[in-house]
Amino acid sequence: MDTKELTLQDIQRREFDMLCAFDDYCRAHALTYCLCGGTLLGAIRHKGFIPWDDDIDLMMPREDYERLRSLAREAAVSKTLGVVYPGDAHFPYAFMKVMDAQTIVYERNITDDRQREGLALDIFPLDKMYAGALRNRLLLARVKLLIQIAKTGARMIRPERDSIKKRLRNMVMLLLKPVAACWRYEKVLAHVDRIAAGRRRLKHYIVGNVAWPNQWKDMFPADVFSSYVPVEFCGREFPAPVGHDAYLTQLYRDYMTIPKEADRAAHSFRAYWRAEA
């Protein structure tokens, strides 16, 4: 039985503690990572969480990402934080998460209780991509199709405000059901991870988030991530890509302008302390 529901402030405090523990772990094992996505935006614009945000986004170069995968099998991040990977049983994502054992999250798009998880740090691999735009679009189109097959198999339902979008998405899921029925979603997501890692020998390349792409925006010149600089987040310094201005501009355009309330994207979940916590 789950106990007290966490407020947004509770969630942010817990996730900050998790981030600090992960940062300590990475320093101890010489692992490179950086803030990304909305967490990096929050650091630059608010010096902490975006006020309405409720998750932590991180990125690791593929080599460090694979090292974390191996290290975490031998040494947990902390007593209450473990790492889950693409391909793990009942894990419906193509990127790693650092999961909190003391909380449980109920998401609107999760319909299988075996997929319930705790609060988590999302860790995306930073992978090489082709120098040519067309090849990258084909690559991401392939990945997006596989992810949709996996979501269909995992029965993940995405809440949609727009009824037309919802009908189109349901139609796609219906068409993909026969494929999803023949291919376990965990295996599909492990395959996505292998595809994302597949261009390590490229000499001329850009970089991006191939495993779980954000529309078509997650492609950047390699020098954006050529080194890392400290930025403040909730009173502590964490690494950010040296080209964070170019990164945030590509993702959010005028990123220093706070959006209107109606345009503020928030996740849809409820979190609780576990009874044994």
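Residue numbers (the numbering used here): 204 to 480. Beta carbons: idealized from backbone N, C-alpha and C, even for Gly. Quick caveat: nothing in here was measured; it's all calculated off a predicted structure.
- request: Kindly give me the distance between the Cβ atoms of V301 and I326, rounded to whole angstroms, as I take these residues to be in contact under 8 angstroms.
  value: Mapped onto the sequence shown, residue 301 falls at position 98. Mapped onto the sequence shown, residue 326 falls at position 123. V301 to I326, Cβ: 7 angstroms. Contact.
task: Starting from D325, follow its DSSP beta bridges and name the residues at the other end.
output: Position 122 of the sequence shown holds residue 325. D325 pairs with D260 and K300.
- prompt: DSSP three-state call for K406: helix, strand or coil?
  reply: Position 203 of the sequence shown, counted from the first residue, corresponds to residue 406. K406 falls in the coil class under three-state DSSP.
For V280 and F225, believed in contact at Cβ under 8 angstroms, the rounded distance: Translated into positions along the sequence shown, residue 225 becomes position 22. Translated into positions along the sequence shown, residue 280 becomes position 77. Sure, about 6 angstroms apart at Cβ, within 8 angstroms.
field: H447 vs I214 beta-carbon contact at 9 angstroms
entry: Translated into the one-based positions of the sequence shown, residue 447 becomes position 244. Translated into the one-based positions of the sequence shown, residue 214 becomes position 11. One thing to note: H447 has its Cβ no nearer than 9 angstroms to the Cβ of I214.
- request: Name the residue from L322, A353 and A278 whose alpha carbon lies nearest to the alpha carbon of I259.
  value: Against the sequence shown, residue 259 aligns to sequence position 56. Comparing Cα-Cα distances from I259 to each of L322, A353 and A278, the minimum goes to L322.
Closest residue to R311 among D303, E320, Q305 and D291 (Cα-Cα distance): Counted from its first residue, the sequence shown places residue 311 at position 108. Nearest of D303, E320, Q305 and D291 to R311, Cα basis: E320.
message: Tell me the rounded alpha-carbon separation between L271 and T283.
response: Numbered from 1 along the sequence shown, position 68 holds the residue referred to as residue 271. Numbered from 1 along the sequence shown, position 80 holds the residue referred to as residue 283. Straight-line Cα distance between these residues: approximately 17 angstroms.
L341 burial status per 10 Å Cβ neighbour count (16 or more: buried): Sequence index remark: in the sequence shown, residue 341 carries index 138 (1-based). Exposed, by the Cβ-count rule.
query: Under a Cβ-count criterion, where at least 16 other Cβ atoms within 10 Å of its own Cβ denotes burial, should D332 be classed as buried or exposed?
result: As a working note, residue 332 is residue 129 in the sequence shown. Note that residue 332 is Met in the sequence shown here, rather than Asp. Classification of M332: buried, given that the 10 Å Cβ count is 16 or more.
- prompt: Should P254 be labelled buried (16 or more other beta-carbon atoms within 10 Å of its own) or exposed?
  reply: Taking the sequence shown and counting its residues from 1, the one referred to as residue 254 is at position 51. Counting Cβ neighbours within 10 Å, P254 comes out exposed, since fewer than 16 surround it.
- prompt: Should F428 and V410 be called a contact, given that it needs their Cβ atoms to be closer than 9 angstroms?
  reply: Indexing the sequence shown from 1 puts residue 428 at position 225. Indexing the sequence shown from 1 puts residue 410 at position 207. Yes, the pair counts as a contact, with Cβ atoms nearer than the cut-off.
task: Please name the residue in M299, Q305, I307 and P295 whose C-alpha comes closest to that of A353.
output: For the purposes of this step, residue 353 is taken as the residue at position 150 of the sequence shown. The shortest C-alpha separation from A353 is found at P295.
- prompt: For Y388, which of C229, E440, F423 and L348 has the nearest alpha-carbon?
  reply: What you label residue 388 is simply residue 185 of the sequence shown in a count that begins at 1. Considering only alpha carbons, the answer is L348.
- request: Kindly list the residues whose CB is nearer than 7 angstroms to the CB of Y458, restricted to its own chain and excluding five residues on each side of it in sequence; keep chain order.
  value: Locating residue 458 in the sequence shown gives position 255, counting from the first residue. Cβ-Cβ distances below 7 angstroms link Y458 to L244, R248, L451 and T452 in the same chain, with the five nearest sequence neighbours on each side left out; the list follows chain order.
- prompt: Residues bridged to I307 by DSSP?
  reply: Here residue 307 corresponds to residue number 104 of the sequence shown, with the count starting at 1. Looking at the DSSP assignment, I307 forms a beta bridge with Y475.
message: Assuming contact is defined by CB atoms lying nearer than 9 angstroms, are Y236 and D267 in contact in what I supplied?
response: Taking the sequence shown and counting its residues from 1, the one referred to as residue 236 is at position 33. Taking the sequence shown and counting its residues from 1, the one referred to as residue 267 is at position 64. In contact: Y236 and D267 (Cβ atoms closer than 9 angstroms).
C-beta atoms of R402 and D330 nearer than 9 angstroms: Walking along the sequence shown from the start, residue 402 turns up at place 199. Walking along the sequence shown from the start, residue 330 turns up at place 127. Yes, the Cβ-Cβ distance between R402 and D330 is below 9 angstroms.
Extent of the continuous beta strand (DSSP E) to which L284 belongs: Counting from 1 along the sequence shown, the entry for residue 284 is found at position 81. Start and end: L284 to V287.
message: To the nearest angstrom, how far is the alpha carbon of W419 from that of K207?
response: Walking along the sequence shown from the start, residue 419 turns up at place 216. Walking along the sequence shown from the start, residue 207 turns up at place 4. Distance from the CA of W419 to the CA of K207, rounded to the nearest whole angstrom, comes to 39 angstroms.
- prompt: How long is the line joining the alpha carbons of A443 and C239, rounded to whole angstroms?
  reply: The sequence position of residue 443 within the sequence shown is 240, counting from 1. The sequence position of residue 239 within the sequence shown is 36, counting from 1. A443 and C239: Cα-Cα distance of roughly 7 angstroms.
K331 - partner residues in DSSP beta bridges: Counted from its first residue, the sequence shown places residue 331 at position 128. Answer is V410, bridged to K331.
message: Looking at the secondary structure, which residues open and close the beta strand (DSSP E) in which R439 lies?
response: Residue 439 sits at position 236 when you count from the first residue of the sequence shown. Counting along the chain, the beta strand (DSSP E) containing R439 begins and ends at R439 to P444.
message: By the three-class DSSP mapping on this structure, what secondary structure does L234 have?
response: Here residue 234 corresponds to residue number 31 of the sequence shown, with the count starting at 1. Note: L234 maps to coil in three-state DSSP.
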